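My numbering puts the first residue of the sequence shown at 12, with every later residue one more than the last.
Below is one structure, written out as structure tokens, with a few remarks after it.
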Amino acid sequence: MRTNIFSFIVIALLSASQVFGQICWTKSNKPLSKEAQERYDYLYANPSVISIELINLDINELYTAKSMNINTNEQLVRVNKLKTNVRDNINNFDVVFADSENEVLLSVLGKDIQGNIHSPSASYSIQTLADGEYALLKVDADAMKEDVNDIIDEYEKNHTEELLSGGGILPPSPVAVTIKVIVAFTTAAANAVSNTTNYVNCRLLEMNQSLSNSSLSHITILSAYVYTTSYTAVNFTTDLNRFYGNNDGCMDDIHTKRLTYGGDVCVLMTTSTDLCGKAKAIAADENTAFCAVSPNIGCEMKYTFSHEIGHLVGCRHDTYVDNTSTPYAYGHGYVYLGSSSASSWRTMMAYDNKCTAAGYNCARINYWSYPNATYNGIAMGTTSTNNNRRVWYNRAQSVAGFAEKLLAGSVTPVLLNNRPKLSIQYRNNVLSININEITEELTLTIYDIWGNQIKTINLQHQNENIQLDNLQNGLYIATTKYNSQLFVVK
Ligand SMILES: [Zn+2]
Numbered sequence: 012m013r014t015n016i017f018s019f020i021v022i023a024l025l026s027a028s029q030v031f032g033q034i035c036w037t038k039s040n041k042p043l044s045k046e047a048q049e050r051y052d053y054l055y056a057n058p059s060v061i062s063i064e065l066i067n068l069d070i071n072e073l074y075t076a077k078s079m080n081i082n083t084n085e086q087l088v089r090v091n092k093l094k095t096n097v098r099d100n101i102n103n104f105d106v107v108f109a110d111s112e113n114e115v116l117l118s119v120l121g122k123d124i125q126g127n128i129h130s131p132s133a134s135y136s137i138q139t140l141a142d143g144e145y146a147l148l149k150v151d152a153d154a155m156k157e158d159v160n161d162i163i164d165e166y167e168k169n170h171t172e173e174l175l176s177g178g179g180i181l182p183p184s185p186v187a188v189t190i191k192v193i194v195a196f197t198t199a200a201a202n203a204v205s206n207t208t209n210y211v212n213c214r215l216l217e218m219n220q221s222l223s224n225s226s227l228s229h230i231t232i233l234s235a236y237v238y239t240t241s242y243t244a245v246n247f248t249t250d251l252n253r254f255y256g257n258n259d260g261c262m263d264d265i266h267t268k269r270l271t272y273g274g275d276v277c278v279l280m281t282t283s284t285d286l287c288g289k290a291k292a293i294a295a296d297e298n299t300a301f302c303a304v305s306p307n308i309g310c311e312m313k314y315t316f317s318h319e320i321g322h323l324v325g326c327r328h329d330t331y332v333d334n335t336s337t338p339y340a341y342g343h344g345y346v347y348l349g350s351s352s353a354s355s356w357r358t359m360m361a362y363d364n365k366c367t368a369a370g371y372n373c374a375r376i377n378y379w380s381y382p383n384a385t386y387n388g389i390a391m392g393t394t395s396t397n398n399n400r401r402v403w404y405n406r407a408q409s410v411a412g413f414a415e416k417l418l419a420g421s422v423t424p425v426l427l428n429n430r431p432k433l434s435i436q437y438r439n440n441v442l443s444i445n446i447n448e449i450t451e452e453l454t455l456t457i458y459d460i461w462g463n464q465i466k467t468i469n470l471q472h473q474n475e476n477i478q479l480d481n482l483q484n485g486l487y488i489a490t491t492k493y494n495s496q497l498f499v500v501k
């Protein structure tokens, strides 16, 4: 029997002036707007949601809070803030409160706030019901069942360069790596969340935190672009194959959008219910870096978004459910069985099967297996078999180059009567555009790798040289349409 009201959280915080006792959010007694009531009912119908409490949330206090008190097992635990990360302005930021056992990750975009609270005794979600109306949900992290068959293609031996580095000695100081993710929501998936952009921000916040938790802070996952595509979910295999497939009439826009916005990894958010997520391949290349994920809150609690991208990078499940030794014998998730469910846990790529066989239920933690790090004093992996961190270490740079590789391959002149009609060259800060004849209005747009529009130029002459001295060093993408064909150059 689910209860509608429960008392969970008291937020007290140290403000900038070190005053203890400010309240970050309180129970709300205000009647819900019609829009909020509809979302409340939608969330309440989800079997993963145990109960819902309406709350007032103060965004400014969230921003300035130095710590947060959360109620775990009827005990108030103070969790310190690790960081406030402002994305581009004061209305677009995320916060991380964490200690060795508790993690609170919240993302704010305008009035939309989304995030999850993981503690050993329970999982909670903060959701926006409507503009300025918020709820705290108690979530059953085990309601959504996992299936070990969440990969379409088995590993194919086509990554020899990374296999070589996998067997070698890791460089002592890694270079900073940025992997850009492009996320498509089906219409139903977009309707399942309060704000698609902030939803992705929130998943990337969790994922970047998992990398930071596992000494992989040199890797950053960024959002290249978020959009909604018209498609009706069938099941995960069909949805993902259609997302991945080109010229099949289903979601084909991903392929041009990926080139336009520079997406290394493509994620489809879909409301199919047979799984929480599915990846196209283990250790994907630039052509197979596609996965599909459910926006269900129960799946969020298992970090499915990060898990599926982990497969694309080359990570495998724990050996109880998958003992395949390619591409990396050491690339498995890790399960730790303690003396009870509460003291047992599993890393990002590990399943619950080994725990269930032992009569336990193990929560998935926001860490990648790694023998050199500990969780409550226990090593989180082994050198020979359970070191997903090393897989990330080996492959992150290759994955971060997927979009660039595709773009390099896409620079082919448009041919009409066997003569190139349009060409773009970039040399010494000058972008040269040559057009044999101008038959239509032409606009060239330059984007940065985050999809921000940097410059738009109307092309009026057959030969144009555009000086780009004022751009910072980095990867940019110039696109134009000519004779109804998209033309892209990096
Ligand atoms: Zn999996």
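The beta-carbon is built from N, C-alpha and C at its ideal position, and this holds for glycine as well.
Small disclaimer: the values here were computed from a predicted structure and weren't measured.
*Pick from Thr282, Ser228, Arg375 and Val237 that is closest to Leu251, judged by C-alpha positions*: The sequence position of residue 251 within the sequence shown is 240, counting from 1. Comparing Cα positions, the closest option is Thr282.
*Closer than 8 Å by C-beta to Cys302: which residues in its own chain qualify, once you throw out the five before and the five after it? Chain order, please.*
Start at 1 with the first residue of the sequence shown, and residue 302 comes out as number 291. The residues are Leu251, Val276, Cys277, Val278, Leu279, Gly288, Lys289, Ala290, Lys291, Glu319, Ile320, His322 and Leu323.
*Tell me whether the beta-carbon of Thr231 lies closer than 9 Å to the beta-carbon of Val188.*
Locating residue 231 in the sequence shown gives position 220, counting from the first residue. Locating residue 188 in the sequence shown gives position 177, counting from the first residue. Yes; because the gap between Cβ atoms is below 9 Å, this pair is in contact.
*Does any heavy atom of ligand 1 sit closer than 8 Å to the C-beta of His343?*
Residue mapping note: residue 343 aligns to position 332 of the sequence shown, counting from 1. No, Cβ of His343 sits at least 8 Å from all heavy atoms of ligand 1.
*Would you mind reading off the limits of the alpha helix (DSSP H) that contains Lys365?*
Numbered from its first residue, the sequence shown carries residue 365 at position 354. Start and end: Asn364 to Ala368.
*Distance cut-off 8 Å: Ala290 Cβ against heavy atoms of ligand 1*: Stepping through the sequence shown from its first residue, residue 290 is reached at position 279. Result yes, Cβ under 8 Å from ligand 1.
*asked:* Following a CB-centred definition, is His472 positioned closer than 8 Å to any heavy atom of ligand 1?
replied: Taking the sequence shown and counting its residues from 1, the one referred to as residue 472 is at position 461. No, ligand 1 has no heavy atom inside 8 Å of this Cβ.
*asked:* Using a 10 Å radius around the Cβ and a threshold of 16 neighbouring Cβ atoms, would you call Gln478 buried or exposed?
replied: If you number the sequence shown from 1, residue 478 lands on position 467. Gln478 comes out exposed.
*Rank Ala195, Ser336, Leu87 and Glu46 by C-alpha distance to the C-alpha of Glu165 and give the top, closest one.*
The residue labelled residue 165 in the question sits at position 154 within the sequence shown. Considering only alpha carbons, the answer is Ser336.
*Specify the secondary structure class of Gln483 as computed by DSSP and reduced to three states.*
Locating residue 483 in the sequence shown gives position 472, where the first residue counts as 1. Residue state, collapsed to three classes: coil.
*For Leu348, which residues of its own chain have a beta-carbon under 6 Å away from its beta-carbon, when the five flanking residues on both sides are left out?*
Taking the sequence shown and counting its residues from 1, one reaches residue 348 at position 337. If we look at Leu348 and ignore the five residues flanking it on each side, its Cβ neighbours are Ser355 and Ala369.
*What does a CB cutoff of less than 6 Å around Ala152 pick up in its chain, not counting 5 residues either side in sequence?*
Taking the sequence shown and counting its residues from 1, the one referred to as residue 152 is at position 141. So the qualifying residues of the chain are Ser134 and Met312.
*Heavy atom of ligand 1 within 8 Å of Ile162 beta-carbon*: Stepping through the sequence shown from its first residue, residue 162 is reached at position 151. Result yes, Cβ under 8 Å from ligand 1.
*For Gln483, does the count of other Cβ atoms within 10 angstroms reach 16, so buried, or fall short, so exposed?*
Looking up residue 483 in the sequence shown gives position 472. It is exposed - the Cβ of Gln483 has fewer than 16 other Cβ atoms within 10 Å.
*heavy atom of ligand 1 below 8 Å from Val2 C-beta*: Because the chain is modelled from 12 through 501, residue 2 falls outside the range shown and cannot be assessed.
_Burial state of Gly178 (16 or more Cβ within 10 Å)_ = As a first step, residue 178 is located in the sequence shown; it is residue number 167 there, counting from the start. Because Gly178 carries a pLDDT of 42, less than 50, the predicted location of this residue cannot be relied on, and no value is offered for it.
*For ligand 1, any of its heavy atoms closer than 8 Å to the Cβ of Val159?*
Here residue 159 refers to the residue found at position 148 when the sequence shown is read from its first residue. The answer is yes for Val159.
*For the alpha helix (DSSP H) that contains Gly321, what are its first and last residues?*
Numbered from its first residue, the sequence shown carries residue 321 at position 310. Where Gly321 is concerned, the enclosing alpha helix (DSSP H) stretches over Thr315 to Val324.
*Whether Phe108 touches Met155 by CB criterion (9 Å)*: Residue mapping note: residue 108 aligns to position 97 of the sequence shown, counting from 1. Residue mapping note: residue 155 aligns to position 144 of the sequence shown, counting from 1. No, they are not a contact pair.
*So, are the CB atoms of Val150 and Ile61 less than 9 Å apart?*
Locating residue 150 in the sequence shown gives position 139, counting from the first residue. Locating residue 61 in the sequence shown gives position 50, counting from the first residue. Yes, the Cβ-Cβ distance between Val150 and Ile61 is below 9 Å.
*Please look up how many angstroms separate the CB atoms of Ile193 and Tyr236, rounded, as I've assumed it's under 8 Å.*
Position 182 of the sequence shown, counting from 1, holds the residue named residue 193. Position 225 of the sequence shown, counting from 1, holds the residue named residue 236. That belief holds up - the Cβ atoms of Ile193 and Tyr236 are roughly 5 Å apart, short of 8 Å.
_alpha helix (DSSP H) segment containing Glu49, residue limits_ = Within the sequence shown, residue 49 is the residue found at index 38, counting from 1. Here the alpha helix (DSSP H) through Glu49 covers Lys45 to Tyr55.
*Could you tell me if Asn481 is buried or exposed, where buried requires 16 or more neighbouring beta carbons within 10 angstroms of its beta carbon?*
The residue given as residue 481 occupies position 470 in the sequence shown. Under this definition Asn481 is an exposed residue.
*So, using beta-carbon positions, are Ser317 and Met262 closer together than 9 Å?*
As a working mapping, residue 317 is identified with position 306 in the sequence shown. As a working mapping, residue 262 is identified with position 251 in the sequence shown. Contact: no.
*asked:* What I want to know is whether the C-beta of Met360 ends up closer than 8 Å to one or more non-hydrogen atoms of ligand 1.
replied: Reading the sequence shown from its first residue, position 349 is the one you call residue 360. Because some heavy atom of ligand 1 lies under 8 Å away, the Cβ of Met360 counts as near it: yes.
_Can you tell me whether His129 sits near ligand 1, meaning its C-beta is under 8 Å from at least one heavy atom of the ligand?_
Within the sequence shown, the letter at position 118 stands for residue 129. Not under cutoff, so the answer is no.
_Other residues of its chain near Asp264: CB distance less than 7 Å, five sequence neighbours each side excluded_ = Mapped onto the sequence shown, residue 264 falls at position 253. Cβ within range, chain order: Thr240.
*What's the C-alpha gap between Ser225 and Arg327?*
Translated into positions along the sequence shown, residue 225 becomes position 214. Translated into positions along the sequence shown, residue 327 becomes position 316. So the two alpha carbons sit approximately 16 Å from each other.
_Going by C-alpha to C-alpha distance, which of Ser305, Glu114, Asn57 and Leu65 sits closest to Tyr210?_
As a first step, residue 210 must be located in the sequence shown, where it is residue number 199. Closest option to Tyr210, Cα to Cα, is Ser305.
*Sequence ranges, beta strand (DSSP E) only - wholly within the region 138-172, length at least 3*: 144-150 and 162-164
_Excluding the 5 residues flanking Ala203 on each side, which residues of the same chain have their C-beta closer than 7 Å to its C-beta?_
Sequence index remark: in the sequence shown, residue 203 carries index 192 (1-based). Hits under 7 Å: Thr282 and Pro306.
*asked:* Pull the bridge partners of Lys38 from the DSSP assignment, please.
replied: What you label residue 38 is simply residue 27 of the sequence shown in a count that begins at 1. Paired residue(s): Ile66.
*Mapping DSSP to helix, strand and coil, what is Thr299?*
Counted from its first residue, the sequence shown places residue 299 at position 288. Coil.
*Gly126 and Ser118 look like a contact to me (Cβ under 8 Å); what is the Cβ gap, rounded to whole Å?*
Residue 126 sits at position 115 when you count from the first residue of the sequence shown. Residue 118 sits at position 107 when you count from the first residue of the sequence shown. Contact holds; Cβ gap of about 6 Å.
*Any idea if Pro338 is buried or exposed, counting beta-carbon neighbours within 10 angstroms, 16 or more meaning buried?*
Position 327 of the sequence shown holds residue 338. It counts as buried.
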